[in-house]
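Engineer: Got a structure for you, questions after.
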Ligand SMILES: CC(C)(COP(=O)(O)OP(=O)(O)OC[C@H]1O[C@@H](n2cnc3c(N)ncnc32)[C@H](O)[C@@H]1OP(=O)(O)O)[C@@H](O)C(=O)NCCC(=O)NCCS
């Protein structure tokens, strides 16, 4: 393993090894584990298959989506790198995540992020309609609605997923953690660049709403249920409606250390 963490190949070997053991522990899921993980020869093939099967519909066959996802993976190394770092983020930050394969198989937030990575690639390659298909099916299937033009970094965790909405001109930098019910939206009073800019290492707690082209500074925390309408300084915690500064974010990396605060998961 390098200093930057495990490679995609190392992640894939771990996933396969742990899945072999889980087949024996839970025979009811044996064929599920085979078709989703063990029959694949690469991480990218498994990811493409899982997302395509979830997002296919009566009029768009999973097989067609699979080839689009593979095309995206083949033409941009950044996409798979992002997928690997999102997987590690979920494993490291979510105490409920016991296996590396769990986000891939079961976590809506993780799968929605990977679908967005493909939609974003389609968007920048001017395939806007197909990008919107991915956005729309991701919203229906995983409950996460991310505009394909939104710019997301790496090592993002969207925990639980349900009810997350991320608008068109939003920017989310690396290593941000986002819980269910988060909205990054416009105020309805601005056009053009009208969505939040979330800097590195931020924690956006459950059901927090950030509106307008405001900046959430590096390593800040937004408390559960807050409505943020103004810029938030680096390393501070804001809470309430409208959100006000309530203290310093007590940790250097709130998004990473989120698991220490959440009990009973
Ligand atoms: C904001 C949060 C991350 C704690 O951050 P923190 O920097 O450690 O803040 P503190 O706990 O020291 O709280 C600072 C102040 O804000 C208040 N506060 C904290 N969370 C608040 C919230 N959601 N709404 C309103 N006020 C809040 C505290 O009561 C405290 O006020 P006081 O100084 O008058 O006592 C935490 O309260 C939170 O919202 N966690 C949610 C995580 C989550 O989404 N979990 C979902 C799991 S499914």
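Residue numbers (this note's numbering): 550 to 814.
Every residue, glycine too, gets a C-beta built ideally from N, C-alpha and C.
On a predicted model such as this, the values are computed, not experimentally measured, just so you know.
How many angstroms separate the CA atom of residue 657 from the CA atom of residue 599?
Structural biologist: So the alpha carbons of these two residues sit roughly 12 angstroms apart.
Engineer: Between residue 649 and residue 557, how many whole angstroms is the CB-CB distance? I'm expecting something under 8 angstroms.
Structural biologist: Actually they are not in contact, since the Cβ atoms of residue 649 and residue 557 sit about 12 angstroms apart, beyond 8 angstroms.
Engineer: Taking the runs of the alpha helix (DSSP H) that are 4 residues or longer, which of them lie wholly in the region 591-672?
Structural biologist: 592-604, 611-624, 626-642 and 650-655
Engineer: Using 7 angstroms as the cut-off, classify the Cβ of residue 747 as near or not near the heavy atoms of ligand 1, replying yes or no.
Structural biologist: no
Engineer: Ligand 1 heavy atoms versus the CB of residue 752: any closer than 7 angstroms?
Structural biologist: yes
Engineer: Could you tell me which residues DSSP pairs with residue 758 in its beta bridges?
Structural biologist: 732 and 776
Engineer: How would you label residue 814, buried or exposed, when you count the other beta carbons within 10 angstroms and need 16 or more for buried?
Structural biologist: Confidence at residue 814 is low in this model, with a pLDDT of 40, below 50, so the placement of that residue is unreliable and no value is reported for it.
Engineer: Could you give the distance in angstroms between the alpha-carbon of residue 773 and the alpha-carbon of residue 653?
Structural biologist: Between the C-alpha atoms of residue 773 and residue 653 there is a straight-line separation of about 26 angstroms.
Engineer: Which same chain residues end up closer than 8 angstroms to residue 567 when comparing Cβ atoms and leaving out the 5 residues on each side of it in sequence?
Structural biologist: Listed in chain order, the non-local C-beta contacts of residue 567 below 8 angstroms within the same chain comprise 648, 649 and 650, local neighbours out to five positions each way being set aside.
Engineer: I think residue 708 touches residue 728, with their Cβ atoms under 8 angstroms apart; what is that distance to the nearest whole Å?
Structural biologist: 5 angstroms
Engineer: By DSSP's criteria, residue 766 is part of a beta bridge. Which residues make up the other side?
Structural biologist: DSSP, once it has assigned bridges, lists no residue as partnering residue 766.
Engineer: Can the beta-carbon of residue 781 be found less than 8 angstroms from the beta-carbon of residue 766?
Structural biologist: yes
Engineer: Rounded to whole angstroms, what's the CA-CA distance from residue 628 to residue 677? Just pull it up for me.
Structural biologist: 18 angstroms
Engineer: Please list, in chain order, all residues of the same chain as residue 715 whose beta carbon is under 6 angstroms from its beta carbon, the five residues on each side excluded.
Structural biologist: 695, 699 and 733
Engineer: Just how far apart, CA to CA, sit residue 554 and residue 605?
Structural biologist: 33 angstroms
Engineer: The beta strand (DSSP E) that contains residue 790, what's its start and end?
Structural biologist: Counting along the chain, residue 790 falls outside any beta strand (DSSP E), and DSSP gives it neither H nor E.
Engineer: Leaving out five residues on either side along the sequence, give the residues of the same chain with a beta carbon under 7 angstroms from the beta carbon of residue 615.
Structural biologist: Counting only Cβ-Cβ distances below 7 angstroms, and skipping sequence neighbours, we find 597, 598 and 601.
Engineer: State yes or no: is the C-beta of residue 798 nearer than 7 angstroms to some heavy atom of ligand 1?
Structural biologist: yes
Engineer: Can you pull the DSSP bridge partners for residue 713?
Structural biologist: Residue 713 pairs with 693.
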